[in-house]
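S.K.: When we follow our numbering, the leftmost residue of the sequence shown carries the number 12, and every step to the right adds one.
Note that the Cβ used here is the ideal one computed from N, Cα and C, for glycine as well.
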Amino acid sequence: GGFGGKVDVITEPIAALAAMKTGRPVKYIYSRAEEMQVSSPRGAWRLKYKDGVMKDGRIVARQITSYADAGAYNRHTPYAVTKHAANVAGPYTIPNVHIDAHCVFTNRTPSSAFRGFGVTMASFAIELQMDKIAATVGLDPWAIRFINAYRNGDVRPHRKVAEDVTFIETMQAAAKLAGHDLPENLLTMNSWDRNGGQHG
Numbered sequence: 012g013g014f015g016g017k018v019d020v021i022t023e024p025i026a027a028l029a030a031m032k033t034g035r036p037v038k039y040i041y042s043r044a045e046e047m048q049v050s051s052p053r054g055a056w057r058l059k060y061k062d063g064v065m066k067d068g069r070i071v072a073r074q075i076t077s078y079a080d081a082g083a084y085n086r087h088t089p090y091a092v093t094k095h096a097a098n099v100a101g102p103y104t105i106p107n108v109h110i111d112a113h114c115v116f117t118n119r120t121p122s123s124a125f126r127g128f129g130v131t132m133a134s135f136a137i138e139l140q141m142d143k144i145a146a147t148v149g150l151d152p153w154a155i156r157f158i159n160a161y162r163n164g165d166v167r168p169h170r171k172v173a174e175d176v177t178f179i180e181t182m183q184a185a186a187k188l189a190g191h192d193l194p195e196n197l198l199t200m201n202s203w204d205r206n207g208g209q210h211g
């Protein structure tokens, strides 16, 4: 039932060996200095997004170049990059997606797993990009997300079919809770009918 810091097996062999040698239970606890020196941080990433966007706000193409900082040696960065690559479109339907993803060795502490594991970085960059697109084409940031939100049956870039999707309904609920009044065309959209509202 663990994740993140529990992925790497570092202290466990030390504690197990000490328990075997002493015949007693052993607990290994890092000092703050040890934690900073030998544990793993979340990996640093650099991403470049380039999108093809129609005047009505539909994203029709996305090209991404992504660099993941593995640190001085590799722990789990290739797996994080794989998850990252599968999520570079976010919860949006983009018919043409190309990604060049790279694991880069640097003179830094090796990175490891944290919640989101490669997806967090993609999500952050995606939502920044959505705001930039909205400003460029002159649309409300909410509208750009509704227009491009994937529907049930849409195929994601890694060829997985989106099922049980409720992204549009979730955004509608979030707007209501935030006190943001959506126009009627966004309120009538749903995750099953692509022809509803503005996305027709």
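Do residue 54 and residue 19 have their C-beta atoms within less than 7 angstroms of each other?
M.R.: Going by C-beta atoms, residue 54 is not nearer than 7 angstroms to residue 19.
S.K.: Checking 7 angstroms against the spacing of the C-beta atoms, do residue 162 and residue 202 come in under that value?
M.R.: Yes, they are a contact pair.
S.K.: Taking the beta strand (DSSP E) that residue 59 belongs to, which residues open and close that run?
M.R.: Where residue 59 is concerned, the enclosing beta strand (DSSP E) stretches over 56-64.
S.K.: Name the residue from 200, 183, 155, 127 whose alpha carbon lies nearest to the alpha carbon of residue 97.
M.R.: Ranking the options by Cα distance to residue 97, first place goes to 127.
S.K.: Please classify residue 95 as buried or exposed, where buried requires at least 16 other C-beta atoms within 10 Å of its C-beta.
M.R.: Flag for residue 95 reads buried.
S.K.: Hey, would you say residue 179 sits closer than 7 angstroms to residue 154, going by beta carbons?
M.R.: Result no, Cβ atoms of residue 179 and residue 154 do not sit closer than 7 angstroms.
S.K.: So which of 113, 116, 131, 21 has the shortest CA-CA distance to residue 102?
M.R.: Ranking the options by Cα distance to residue 102, first place goes to 131.
S.K.: Entirely within the stretch 64-151 and at least 3 residues each: give me those beta strand (DSSP E) ranges in chain order.
M.R.: The stretch 64-151 contains these whole beta strand (DSSP E) runs: 70-82, 107-116.
S.K.: To the nearest angstrom, how far is the alpha carbon of residue 25 from that of residue 129?
M.R.: Going by the C-alpha atoms only, they are around 29 angstroms apart.
S.K.: Going by CA-CA distance only, name the one from 124, 125, 152 that's closest to residue 137.
M.R.: Comparing Cα-Cα distances from residue 137 to each of 124, 125, 152, the minimum goes to 152.
S.K.: Can you give me the Cβ contacts of residue 99 inside the same chain, cut-off strictly under 6 angstroms, excluding the 5 residues immediately before and after it?
M.R.: Excluding sequence neighbours, residue 99 sits near 75, 110, 133.
S.K.: What is the DSSP secondary structure of residue 156, reduced to helix, strand or coil?
M.R.: In this structure, residue 156 counts as helix in the three-state DSSP scheme.
S.K.: Where does the unbroken alpha helix (DSSP H) through residue 198 begin, and where does it stop?
M.R.: Per DSSP, residue 198 belongs to the alpha helix (DSSP H) from 195-198.
S.K.: Just to confirm the assignment, what range does the alpha helix (DSSP H) spanning residue 18 have?
M.R.: Element bounds for residue 18: n/a, residue is neither H nor E.
S.K.: Using the three-state DSSP reduction, which class does residue 49 fall into: helix, strand or coil?
M.R.: Reduced to three states, the DSSP call for residue 49 is helix.
S.K.: Does residue 280 pass the burial test, meaning 16 or more other C-beta atoms within 10 Å, or should it be called exposed?
M.R.: Within the shown structure, residues of the chain are numbered from 12 to 211, placing residue 280 beyond reach of any answer.
S.K.: Residue 66 to residue 148, Cα distance in whole Å?
M.R.: Their backbone Cα atoms lie some 6 angstroms apart in a straight line.
S.K.: Taking residue 77 and residue 112 to be in contact with their CB atoms under 8 angstroms, please state how far apart those CB atoms are, rounded to whole angstroms.
M.R.: At roughly 4 angstroms, the Cβ-Cβ gap stays under 8 angstroms, so residue 77 and residue 112 are in contact.
S.K.: Below 8 angstroms on the Cβ atoms is my guess for residue 68 versus residue 150; work out the distance and round it to an integer in Å.
M.R.: Going by Cβ atoms, the distance from residue 68 to residue 150 rounds to 5 angstroms, so yes, they are a contact pair.
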